[in-house]
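Residue numbers (the working numbering), protein chains in the order written: chain A, 1 to 132; chain B, 133 to 303.
Right, here's the structure in full:
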């Protein structure tokens, strides 16, 4: 899976996710990536999210929309909201991670497994890629 | 606070951290940096968040290191089945596709579904038929399938078949 979330200079958010699914999948299985609200979501009132991981659990936890809800309704920051949903995914038995950009332009990674490929940049000069 | 910002991911790690050699890590890091730079350049020059996201994902879809587009994992039958979604925060317009196998850049088909506006999520043969009414580039299986993914599928199938022969059974 690959994904990106962004905030432009006009304050507009966008999220995208693309994937081949999981090795050896059968029965036209579809994971969370193309499901709006589970693997991908964007709302200028809160945040934009792209997820990767064991999709069945991200669907059950409605991860992407729930992160946005925690930010908009509970006032959480992107990392706290992401960590909350990733804890829920782990509790259900799943693993993976999310990238989040808030309406204010803050970026966050939250994940609960190793081998996560990540990068972020912003207008203040932040520019980093890492394999966690 | 930043005027613009972008974050990207290249998946949950099909290669475990302990198996990552310095050469592999350099290759993954270089690909991620190239994609990040492309998205950042769009935003730095006043482009939209939508265009930045597409700039990143289309590059990663062409990169066989990652599980999307070219080099994506294979289905049980050795086929291709790509899924993608795009959503805009400004108006919550969204497009998604699933189970397509001939679209070079699945994220652009998701964008086309979003732009069409009547539906949000198309799948399988219907999504392929919808794509035929767009100028989007198509590709043969030979473009998408890589030797490393074929080997991974062979290992997976051997493992699953051995499980099915034992106490585990597919239901």
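Note that CB positions come from ideal geometry on N, CA and C, so glycine has one too. In this text, all values refer to a predicted model and were calculated from it rather than measured experimentally.
request  = Report yes or no: is there a C-beta of chain B within less than 9 Å of the C-beta of residue 139 (chain A)?
outcome  = The question about residue 139 (chain A) has no answer here: the residues shown for chain A are numbered 1 through 132.
From this set, B:198, B:222, B:268, B:276, which residue's C-alpha is nearest residue 157 (chain B)'s C-alpha?
B:198
| request: Report buried or exposed for residue 223 (chain B), applying the criterion of at least 16 other Cβ atoms within 10 angstroms of its Cβ. | output: exposed
Buried or exposed for residue 257 (chain B), going by 16 or more other Cβ atoms inside 10 Å? exposed
Classification of residue 209 (chain B) by the beta-carbon crowding that lies within 10 angstroms, buried from 16 upward = exposed
**Message:** Between residue 248 (chain B) and chain A, is any beta-carbon pair separated by less than 9 Å?
**Reply:** no
From B:280, B:287, B:285, B:230, pick the residue whose C-alpha is nearest to that of residue 262 (chain B); which is it?
B:230
Ordered along the chain, which non-local residues of its own chain (more than five positions away) have a Cβ less than 7 Å from that of residue 21 (chain A)?
29, 31
Closer than 9 Å to chain B by CB, residue 87 (chain A)
no
- Of all the CB atoms in chain A, is at least one closer than 9 Å to the CB of residue 266 (chain B)? no
message: Whole angstroms are fine: how far does the CA of residue 77 (chain A) sit from the CA of residue 137 (chain B)?
response: 15 Å
In chain B, which residues lie less than 8 Å from residue 109 (chain A) when you measure between Cβ atoms? 139, 141
Proximity test, Cβ basis, 9 Å: residue 84 (chain A) and chain B: no
Where do the N-terminal and C-terminal ends of the beta strand (DSSP E) with residue 128 (chain A) fall, by residue? 127–131
Inset, instruction - Using a Cβ-Cβ cut-off of less than 9 Å, give me the residues of the segment 204–218 of chain B that come near chain A, in sequence order. - result: 204, 205, 206, 207, 208, 209, 212, 213, 214, 215, 216, 217, 218
query = If we cut at 9 Å on Cβ distances, does residue 161 (chain B) have a partner in chain A?
reply = yes
Notebook entry, point to check: Count the other CB atoms within 10 Å of the CB of residue 132 (chain A); is the residue buried (16 or more) or exposed (fewer)?
Noted result: exposed
_Assigned exposure category for residue 279 (chain B) - 16 Cβ within 10 Å defines buried_ = exposed
* To do: Grab me the residues of residue 298 (chain B)'s own chain with a C-beta within less than 6 Å of its C-beta, minus the 5 sequence neighbours each way, in chain order.
  => The predicted model places residue 298 (chain B) with a pLDDT of 47, which falls under 50 and marks its position as unreliable; any figure quoted below should be read in that light. Within the same chain, residue 298 (chain B) has no close Cβ partners at all.
Kindly indicate if chain B contains any beta-carbon less than 9 Å away from that of residue 35 (chain A). yes
| query | So is residue 202 (chain B) buried or exposed if we call it buried at 16+ other beta carbons inside 10 Å? | reply | buried
- prompt: Which two residues bound the contiguous beta strand (DSSP E) that contains residue 21 (chain A)?
  reply: Unbroken run through residue 21 (chain A): none, as it is neither H nor E.
Going by the CB atoms, is the gap between residue 61 (chain A) and residue 85 (chain A) shorter than 9 Å?
yes
Inset, instruction - For my contact list, residue 241 (chain B) and residue 217 (chain B) are in at a C-beta cut-off of 8 Å; report their separation, rounded to the angstrom. - result: About 10 Å separates the two Cβ atoms, so there is no contact after all.
Anything in chain B within Cβ reach of residue 42 (chain A), meaning under 7 Å, just list it in chain order. 219, 220, 221
Could you work out which residues of chain B lie near residue 63 (chain A), taking near to mean beta carbons separated by less than 8 Å? Residues of chain B passing the Cβ test: none, with the nearest at roughly 13 Å.
| Can you give the Cα-Cα distance for residue 302 (chain B) and residue 47 (chain A), rounded to whole angstroms? | Any answer about residue 302 (chain B) is weak, because its pLDDT of 42 lies below 50 and its placement is not dependable; what the coordinates show is given next. C-alpha separation (whole angstroms): 40 Å.
**Q.** Three-state secondary structure (DSSP) of residue 69 (chain A)
**A.** helix
Looking at the structure shown, is residue 105 (chain A) part of a helix, part of a strand, or coil, going by DSSP? coil
(request) Spell out whether any CB of chain B is found under 9 Å from the CB atom of residue 56 (chain A). (result) no
- Where does residue 243 (chain B) land, buried or exposed, given buried means 16+ other C-beta within 10 angstroms? buried
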